[in-house]
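Residue numbers (the UniProt record's numbering): 1 to 444. Heads up, the beta-carbon is just placed ideally off N, CA and C, and yes, glycines get one too. Have a look at the structure below, then the notes.
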């Protein structure tokens with residue numbers, strides 16, 4: 001992303017401001033500067049009938065919407081709908097009411113008929129007791145219907161539901177511009193049945209994100225249709241993916257040559273048989289980020305992850321691993337920059353700097369049995385940030401001891417460089433760094 005700046009008075013301001021970053025420092029969410037927002041709003045509302053915002057004068061707004069393509073409502077949604085608006089050119093209908101509103105399905109059905117070309121519908125502020133037939137052509141809580149496949153121009157689809165699974169009937173592979181498909185549940189992807197006379201496999205070259213899908217959808221037929229996939233999230237009974245007699249499913253994941261980000265989220269209790277990770281050579285070769293959640297693996301399996309050559313960020317959440325003791329092996333995690341450990345029964349963690357030679361960022365969350373953060377981590381030259389949230393008091397004290405040791409090491413390096421050179425101070429700072437940051441919450 002290009003971040004441009006403009007001169008405002010005597011200060012430089014970014015037109016695009018980063019709000020949240022990923023664990024490895026990449027941009028996750030951003031917003032535009034208020035000056036750019038005002039400019040875009042004025043242009044969109046005054047030029048070419050691109051955008052119309054409804055705030056107070058509902059009656060006036062209803063008379064004007066017929067020529068607009070995008071409609072955004074901030075005022076009373078009920079009052080707006082009661083005016084029976086009609087917009088034959090409206091493609092996007094966005095509701096941002098400050099209050100959640102219950103609207104009868106029959107009312108919504110009539111409203112959608114008045115917007116025949118509607119393609120984008122954001123109704124987070126409206127509560128639906130059920131979905132009417134007309135609305136199902138756009139969104140559904142349990143099924144993403146075949147009609148959705150007709151939206152050939154869609155690039156991103158986000159489906160949130162309270163159901164435990166989502167049956168995607170839409171022909172995702174025939175949507176040539178679709179790049180990202182996100183759901184908050186376990187999605188089951190369709191099997192495309194090609195005509196008997198056809199020898200061509202339908203492939204979506206644009207698709208980069210599938211998150212999250214059911215383990216049983218990780219078939220060769222499905223994943224071979226998304227050869228350029230970079231991010232894959234799998235949610236469900238992970239045993240179906242990792243069991244030795246079903247390893248062909250994980251082999252299908254390995255064949256994704258462009259995959260960089262993989263999430264495995266186990267749902268429900270694991271079977272009586274202990275889950276084990278497959279050998280390192282079964283994992284995608286270019287994997288950079290890996291998240292495991294609720295998998296209840298043994299800490300010995302961490303040696304498998306340590307062999308992943310390009311792994312830079314590893315997140316272990318909600319008992320991804322179980323057991324009171326973890327002793328990493330030397331020679332692993334040669335590229336790891338970020339390590340996140342959240343909610344586990346780990347009590348004794350015996351580690352040295354050589355176990356994580358390039359680690360920059362360590363996060364420990366709600367590990368209420370952990371006795372201490374290994375003091376050996378102070379020997380990692382690259383370690384810059386250590387975050388502890390809801391930790392034990394001994395763990396917090398040990399993290400401060402690590403910070404003190406690194407500060408002492410930095411002071412010693414500073415003295416040595418000052419003895420050799422008092423001229424190139426900038427080079428000195430770049431070599432030594434800015435010191436390590438320790439964040440502990442709650443602070444006491």
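Apart from the 5 residues on each side of it in sequence, residue 180 sits with its Cβ closer than 6 Å to the Cβ of 156, 209 in its chain, given in chain order.
For residue 254 and residue 71, the gap between their C-alpha atoms comes out near 44 Å. One alpha carbon belongs to residue 204, the other to residue 171, and they sit about 10 Å apart. Nearest neighbour of residue 161 by Cα position, chosen from 376, 175, 177, 182, turns out to be 182.
For residue 34, the uninterrupted alpha helix (DSSP H) run begins and ends at 34-46, by DSSP. A straight line joining the alpha-carbon of residue 27 with that of residue 15 spans about 15 Å.
Collapsing the DSSP output to three states places residue 167 in a strand. Residue burial is scored here from C-beta neighbours: residue 276 has fewer than 16 other C-beta atoms within 10 angstroms and is therefore classed as exposed. Contact check between the segment 315-323 and the segment 285-301: three or more CB pairs, one atom from each, fall below 8 Å, which counts as touching. Of the candidates 240, 207, 159, 386, the residue whose Cα lies closest to the Cα of residue 177 is 207.
If you check the CB distance, residue 378 and residue 402 come in under 8 Å. For residue 302, the enclosing alpha helix (DSSP H) stretches over residues 302-305. Only exposed fits residue 79, as fewer than 16 other CB atoms lie within 10 angstroms of its CB. A distance below 8 Å separates the beta carbons of residue 365 and residue 389. With respect to the 8 Å criterion, residue 287 and residue 262 are classified as neighbours on the basis of their beta carbons. By the neighbour-count criterion, in which a residue is buried when 16 or more other Cβ atoms sit within 10 angstroms of its Cβ, residue 40 is exposed. Counting only runs that start and end inside the segment 330-369, the beta strand (DSSP E) elements of at least 3 residues fall at 338-342, 361-365. The closest CA to that of residue 406, considering only 438, 230, 159, is found on 438. Taking the CA atoms as reference points, residue 301 sits about 22 Å from residue 371. Boundaries for residue 93: no alpha helix (DSSP H) harbours it, while the beta strand (DSSP E) harbouring it runs 92-95, taken from the DSSP string. Runs of the beta strand (DSSP E) lying entirely within the segment 190-241, each at least 3 residues long, are 209-213, 231-236 in chain order. The secondary-structure analysis by DSSP pairs residue 183 across a beta bridge with 159.
In the three-state reduction of the DSSP assignment, residue 293 falls in the strand class.
Per the coordinates, the alpha-carbon of residue 339 lies some 21 Å from the alpha-carbon of residue 279. Taking residue 336 as the centre and dropping the five residues before and after it, the same chain places the C-beta of 311, 312, 314, 356, 358, 359 closer than 7 Å to its C-beta, in chain order. Contact check for residue 229 and residue 258: beta-carbon distance about 6 Å, within the 8 Å limit, so the pair qualifies. For residue 190, the closest C-alpha among the options 224, 384, 158, 347 is that of 224. At a Cβ-Cβ threshold of 8 Å, residue 154 and residue 174 do not count as neighbours. Here residue 218 is buried. Its C-beta has 16 or more other C-beta atoms within 10 Å.
Around the beta carbon of residue 166, 16 or more other beta carbons lie within 10 angstroms, which makes this residue buried. If the five residues before and after residue 226 are omitted, its C-beta is found closer than 7 Å to the C-beta atoms of 204, 207, 210, all from its own chain and listed in chain order. Nearest to residue 362 by C-alpha distance, out of 25, 331, 442, is 25.
Secondary structure of residue 22 (DSSP, three-state): coil. By the CB criterion at 8 Å, residue 185 and residue 169 fall outside the cutoff. Under the three-state reduction of DSSP, residue 283 is assigned to coil, being neither helix nor strand.
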